[in-house]
Every structure is written in C-alpha cells, then in structure tokens.
C-alpha cells in the first residue's frame, strides 16, 4: 500500500489554520470529550483565580437543558469551568450531591444549584450585569411569568409528542399536528407583545429557555414529519426570532447543528426519516474562518481521531497480516488531505478516498481505507462537542462531519427511554 505524500504536513496545516481562525479548545488527554471549548470570558480572570461558576453538563453536549445554562454564561460573559458527566455511567459523587441526579447543575461561588431554570435565575441574581431580565418592573414581572410558563405550558411535551411518537393513523397525526400548531400560535402571540424580535423588549432568559428546543424542532420536523417551522408563513414572528438569535455570537458558540440533531433523533428514539433536511448555509460553508476552525480542530486533535478510526471503523480488517502500520499511515494521509482541503480547496471537489476508477494508479486498498475513514469520521463528529456549528457547516459540503458518537467505550449510548430523563 503506497502512500502519496502530496498534501501539507500536520504542522503546516495547523500553522495555516491558526492564522485564519481565533477558535481554540483545551485538550483533555485521556478523557471524554478529548477537547473542550474555552469560555469566551475566561481571560477576564486574574492569574491563578478559579472561575466563579462550575457547570456540570453532559459529555456529548447534546442536552438542550445544559445548552440553556451554557448560553446564559456566554451571554453574561461569566467565566466558568466545566465538569462533564457521562449520562450512561453517572459518577456516584455526582448523584450524591445532586438530588435529582439530572444535568445540568452548577456551583455558583460554591453554592450548588440544579435544574436549568433555577440555575438561570440564580445566575441572574448573582451576576445582574449584563441583564437577562428587563429593568422595568412591569416588564420584569412579565418576563418572569414567561420564564415560568416556558416550563409549565406544555409546549415541549406536545411538540416532542408530535415529533417522536408514531401515530396510529392519519387522524391521530393530524390531531397531534394541530395541538402543536396551537402551541406555536401561543408563542407567536407572546412574541407580538413587545416591539422587536424577542419575547420582551430585549433578549432575555425567556429566549434562552426556548432556544435549544425550537432549534431542534426546526431541524427535526422537516426530516421526520415533513413539517417546516422555518420559512412557515403562519409563524412570521417565530421566524424573525430565529433570525435575531442568529445575530448573537453566544448563540453560535453553544448551538448544535441540524445534521447532528437529526442523526441523534434517529439513533436515540428510533424515529424514521420521511423528508429531507434543511439545506446547509452555503455562505457559511465558504467562510475561511469556519473552514480553518474545522482544520485546526482536526489537526490539533489528530491522534485521538486516528486512534478512534483504527479501533472502531473496521479498517483493521483491511490490514495485511495484522500489520496496522500501513493502514494507520493511510488514515493519517486522508485526514491530512481533508484538513488541507478545508483551507486550500478553493471550491474544487475533494477526491473521496483518492479513488480514480479502474484505470487509476491509486492503490485500491489505500483508497478503501480513505473512504472508510471519511465515512466513519462523518458519523462521529458533532457540534458543539467537537467544534462550533459554523465550523461544521464548513465541513459538511465536503463529505465530512455531521453526527455524534454511537457506542465507543467512552461514550456509550443509553437506551432511548432513559435519555430524556437525564436532563432538566
């Protein structure tokens, strides 16, 4: 199996990528996840000072309730540290200190708070600036009522029933859709109360509470129910709200991507797709800062990626006489090819697996390893666990990125019945 060294070295890719993106992550050698995002406000801390907040959240960054708290921390620019909790094997020390045993939880200057709504309110009380509740007393009361209603109005239950539960017949599906649309009508009316795109006159905790769930519904419904929330003329204010969220940097730091959300729903809840996903944002996929972030992540974390592919993708079966060296070299080459392409591709087609047909001079075994590596990596990477959503958009048009871990030793998959009960 010959290796064709026609792409940049890892060191060259990493150097070029870091010149084109400010994004960085901290390595967590031997841990899961193997990297973690650096809070945007961490540089505010004096040297040798512990952050005032410790956030406990899920290892894979799938939990919408954890996303709420992370979103608020980024919006309020509060320095924080993160402790990741494996939901399939929660450590005893965590279940001992958190009565519900759920995520998220947070220590705010040493005081433990759990359940996402309570954490958000505690952060607002302890760190009032920048405010995520209105200063005007009357509007503040309205916002607090909306915060409570976001947890008690039945929106999530009705929405996820429509999305996840297989209907007995067309009438049941129609009734489920009608109930869901009635709840959306309520949100549409709530968004009409104040000028601007948000639930109150400024961005607030109310927007944060709804954001992760509406994001997932907007991604999932076209694929699994043939129903479109984004672009639906019945809900112009909800669509204006999505557009306003999209302008917020903190939102992009914490949100998941559509393909991750869609694959997660199928694998966790067994829902079968019936339609096509929303199209990728081509403009974002062409932005060098996002493509460079994807290349930087892949380059800086290459040892973990290569080891995972060798162990779990099936390429070991291709190794001749049990010699994994040439297979590893081929995997290394193709990942370098991808990282190099993300920066220097210039719109050309990525040669998938270095294949060229029966008359190609490329070693077919070498090409097969590349094809398997690309396919496996496509199904392993997700946002925001591995990088932000915009970097994912830079990868996916080029045959890469898009889902979550599905059963390696470090990220075992809980049963569908148990997953949602791990969050609040």
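In this note's numbering, the protein residues as written are 21 to 444.
Ideal placement from N, C-alpha and C gives every residue a C-beta, glycine not left out.
Discussion item. Quick check for students: name the residue ranges of the beta strand (DSSP E) that lie wholly in the region 22-57, counting only runs of 3 or more.
Written reply: 45-47, 55-57
Practice prompt. Give a yes or no on whether 8 Å exceeds the smallest Cβ distance from residue 96 to chain D.
Written response: The structure shown contains no chain D, having only a single protein chain.
Discussion item. On a Cα-Cα basis, can you pick out the residue from 150, 306, 246, 212 that is closest to residue 96?
Written reply: 150
Worksheet item: How should residue 113 be labelled, buried or exposed, when 16 other C-beta atoms within 10 angstroms of its C-beta is the threshold for buried?
Response: exposed
Practice prompt. Taking only the alpha-carbon atoms, compute the straight-line gap between residue 32 and residue 390 and give it to the nearest angstrom.
Written response: 21 Å
Practice prompt. Measure the alpha-carbon distance for residue 291 versus residue 100 and round it to whole angstroms.
Written response: 36 Å
Worksheet item: Ends of the beta strand (DSSP E) at residue 100?
Response: 100-105
Worksheet entry | Assigned secondary structure, residue 312 (DSSP; H/G/I helix, E/B strand, else coil) | helix
Item to complete: Find out if the Cβ-Cβ distance for the pair residue 393, residue 335 is shorter than 8 Å.
Response: yes
Worksheet item: How about residue 283: is its Cβ closer than 7 Å to a heavy atom in the ligand FMN?
Response: By its list of ligands, the structure shown contains no ligand whatsoever, and the ligand FMN lies outside what it can speak to.
Discussion item. Among the candidates 146, 55, 74, 222, whose CA atom is the shortest distance from the CA of residue 162?
Written reply: 222
Worksheet entry | DSSP-derived helix/strand/coil call for residue 116 | helix
Discussion item. Need the endpoints of the beta strand (DSSP E) that residue 75 sits in, please.
Written reply: 73-78
Worksheet item: Nearest to residue 233 by CA position, among 27, 43, 177, 365, is which residue?
Response: 177
Discussion item. Am I right that residue 356 and residue 28 are in contact with their C-beta atoms under 8 Å? What's the rounded C-beta distance?
Written reply: 7 Å
Discussion item. Taking only three categories from DSSP, how would you classify residue 213?
Written reply: coil
Worksheet entry | Reference residue 384, options 397, 338, 363, 342, closest by Cα | 338
Worksheet item: Would you report the Cα separation of residue 266 and residue 103, rounded to the nearest angstrom?
Response: 27 Å
Worksheet item: Within this structure, are the beta carbons of residue 94 and residue 60 separated by less than 8 Å?
Response: yes
Worksheet item: Among all the DSSP beta bridges, which residues are the ones paired with residue 133?
Response: 126
Worksheet item: On the three-state DSSP scale, how would you describe residue 12?
Response: Past the edges of the chain, shown from 21 to 444, lies residue 12, and the structure says nothing about it.
Item to complete: Can you have a look at residue 317 and say buried or exposed, based on whether 16 or more other CB atoms are within 10 angstroms of its CB?
Response: buried
Discussion item. Please report the straight-line C-alpha distance between residue 157 and residue 30, rounded to a whole angstrom.
Written reply: 56 Å
Worksheet entry | Nearest-angstrom Cα separation, counted from residue 319 out to residue 68 | 29 Å
Worksheet item: Hey, residue 10 and residue 293 are a contact pair by Cβ (cut 8 Å); roughly how many whole angstroms apart?
Response: Outside the modelled stretch of the chain, which goes from 21 to 444, sits residue 10, for which no answer is possible.
Worksheet item: In whole angstroms, what is the alpha-carbon distance linking residue 43 and residue 363?
Response: 15 Å
Worksheet item: Taking the alpha-carbon positions, what's the residue 302 to residue 249 distance?
Response: 20 Å
Fill in: Segment contact, 8 Å Cβ cut-off, at least three pairs: the region 197-212 with the region 117-124
no
Practice prompt. Rounded to whole angstroms, what's the CA-CA distance from residue 64 to residue 147? Just pull it up for me.
Written response: 14 Å
Worksheet item: Comparing alpha-carbon positions, which option in 128, 386, 258, 340 lies nearest residue 351?
Response: 386
Worksheet item: With 16 as the cutoff for other CB atoms within 10 Å, does residue 275 come out buried or exposed?
Response: buried
Practice prompt. Determine the extent of the alpha helix (DSSP H) in which residue 165 is found, giving its start and end residues.
Written response: 157-172
Discussion item. On the criterion of 16 or more Cβ atoms from any shown chain inside 10 Å, does residue 120 qualify as buried, or is it exposed?
Written reply: exposed
Discussion item. Spatial neighbours of residue 154 within its chain, please: C-beta separation below 6 Å, excluding the five flanking residues on both sides.
Written reply: 160, 163, 220
Item to complete: Would you please state the rounded distance, in angstroms, between the beta carbons of residue 297 and residue 321? I believe it to be under 8 Å.
Response: The Cβ separation is near 26 Å, so there is no contact.
Fill in: Rounded Cβ spacing between residue 37 and residue 270 (contact assumed at less than 8 Å)
Contact doesn't hold; Cβ gap of about 23 Å is too wide.
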